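According to our numbering, the first sequence holds residues 18 to 139 in order.
Each residue gets a CB set at the ideal place from its N, CA and C atoms; glycine is no exception.
On a predicted model such as this, the values are computed, not experimentally measured, just so you know.
Working notes for the structure below.
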Amino acid sequence: MSPPLTFPKSLHLKSPAEFKAVYDRKRSVSDGLLVVYAKENALPHTRVGLSVSKKVGNAVARNRCKRLFREAFRLSQHELPVGIDFILIPRNVSREPTVEELSASLVKLARDAARKLTPRPG
RNA sequence: ACGGUCGGAGGGACGAUCGCCGCCGGCGCGAGCCGGGGGAGGAAAGUCCGGGCUUCAUAGGGCGCGGUGGUGGGUAACCCCCACCCCCGGUAACGGUGGGUGCUCCCGGGCAUCGCCGCCAACGGGCGGGACAGUGCAACAGAAAGAAAACCGCCAGCGAUGAUUUCGGUUUUCGGAUUUCGGAUUUGAAGAAUGGUUUUCAAUCCGAAAUCCGCAAUCCCAAAUCCGAAAUCAUCGCUGGUAAGGGUGAAACGGUGCGGGGCGCAAGCCCUUAAUGUAAGAGCGCACCAGCGACCGGGUGACCGGUCGGCUCGGCAAACCCCACCGGAAGCAAGGCCAAGCAGAGAGCAGGACCGGCCCGGUCCGCUACGACUCUCGGGUAGGCUGCUCGAUCCGGCCAGUAAUGGUCGGGCUAGAGAAAUGAUCGUCGCCGGGAGCACCGCGAGGUUCCCCGGCACAAAACCCGGCUUACACGCCGGCCGGCCAA
RNA sequence: CGGGCUGUGGCGCAGCUUGGCUAGCGCGCUUCAUUGGGGUUGAAGAGGUCGCAGGUUCGAAUCCUGUCAGCCCGA
């Protein structure tokens, strides 16, 4: 039995202070689709925030981008490391990616970021 | 049916799975769970206007600043909407013209087309008050750019100069000499270093003028020079008149047309009469058009129509400005409430604070101190709720009104997020474009169905409304006008 | 939400207030000369819908209105 694939507001990053804390941790990884910032949050779950600039397009294009990001996070949240805050930033504005591509990219980048947060000596 | 033009409404549908944000009901101490139902637009956009709402004070007067500007309505209000007035633009059609081309014949027309002009359908555009309140602007060109004159020109008179003609008068006509001037030739000299070339001087020849001498010397004719007078013409100057005209320019005290006949030398008189006047020359007279003013009529009004007068006074205020009207400011990050936090300290002032351009004026607190207000400093810091969607609301009927819109009756509740929801992935259908063939219809061009591929716009609430503007794939509907065909 | 600025050759700017004078300056570009060649230098030349649309005016880069794009500031 798989756990529910919900995405309530408690899993959102909201305040500017929370965003600033994640950025100040300065741990980021990226590929052709995404830039991911990460920071430990000492909570029993993972949270996520979205940062989509005006370079993406008008309001319709930005909303579309954020919805795709949220759907990718919702569907793959149980494959991600626990207890970390992520910020997702889009790259490669020219083409709209699919949810499957975003989920695969997000899982890979989240695990890399988690490894960067807790570097194993040796 | 075609063409032109203007406008309106829409702008994917259904289903499955997994999700997001409110609401209602039930269960649960609670976290939460279950069920039901709702969840972007015509422009939500740009933020260009106007309001509601909130706070400042219940938003008052003047100045300043800003805005609006035909008239009459509508509205909570408006840089909005409706109707009308005026001006400008305007294609087709129509009429005119006869420029180009083609065809035709009866050789000059006809027809077709293109061009130009006029009148211009629906329609489009207009920050559409005021230029005898004032200050300004108009490059270049032009005599002159706003005020009436100056200037050119024309006319008259006077003067000067020159030319021609006429008249009158003086002198001369042959030869020689001198001087001056002009021309030609060759020679010589000098300068520029030489040659060439050129300049100057001298010599010779020719012509003209002045003076002198000789001859001739009576008159006439002719010619030439000079002087004087008159006339004409040309140029210049002065004075006076001026009422044609002045190539320019976007624009120059408006434009077009006409001005008869008879007698007489003339002045003048007579006739139909509108037909006069000057030394000369029309801005004179009349008619029409434009404009102005007065009166009459119509319209609530902007304004329109008619008659008369005969004055003819330009443009730009989207230059400053003047007039009329309107506008207090800030904005939901407005504003209100709650919880939490070790919790204050010092100073200033008798007056302080506020009305956010200035002044007047006003309001509140306090008036001799347990208070009000302001400033500074230390520590700490964290937010949450509300405002938040029932409203100039939506749908339908009826009534008033040309319309915008208003009234009334009935029904409905229709998103409320907050790092910000309204979605993601599929399936079926729809629409558009393309492709290939099977089948069917059709003589044929072609059409219908099935199959495959691609596409389906512009754009997302952020307190809420009314407008404006801009963007928009695709089809749908309607109004108005035009000519043609038919009736 | 409120306020302001800019748009002119390929690039960076001036001209706008007060409408008319040739739309100008620097760099760049092209050609020619100079050089064995290049640079430098000199001479000549090309290149501008003045963001777009409409209006006012005799006349608009300039004035007015609308619109598009970009930038900045404040809360």
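Item                                                                                    : Value
Nearest neighbour of Ser68, chosen from Leu85, Gln94 and Leu134 [CA to CA]              : Leu85
Pro107 in three-state terms, based on DSSP                                              : strand
DSSP three-state assignment for Ser45, whether helix, strand or coil                    : strand
Buried or exposed (CB count within 10 angstroms, at least 16 for buried), Thr63         : buried
Per-residue DSSP class, three states only, for Leu134                                   : helix
Distance, Ala78 Cα to Leu60 Cα                                                          : 32 Å
Residue burial classification, Ala55 (beta-carbon count within 10 angstroms, cutoff 16) : buried
Nearest residue (CA-CA) to Glu35, options Ser120, Phe103, Ala130 and Ala127             : Phe103
Contact check, Ala121 vs Arg44, beta carbons under 8 Å                                  : no
Extent of the continuous beta strand (DSSP E) run through Ala55                         : Leu51 to Glu57
Cα-Cα separation, Arg132 to Gly74                                                       : 33 Å
Same chain only: Cβ atoms within 8 Å of Leu126, ignoring 5 sequence neighbours per side : Val46, Ser47, Asp48, Leu51 and Val53
Beta-carbon spacing of Leu134, Phe90 below 8 Å                                          : no
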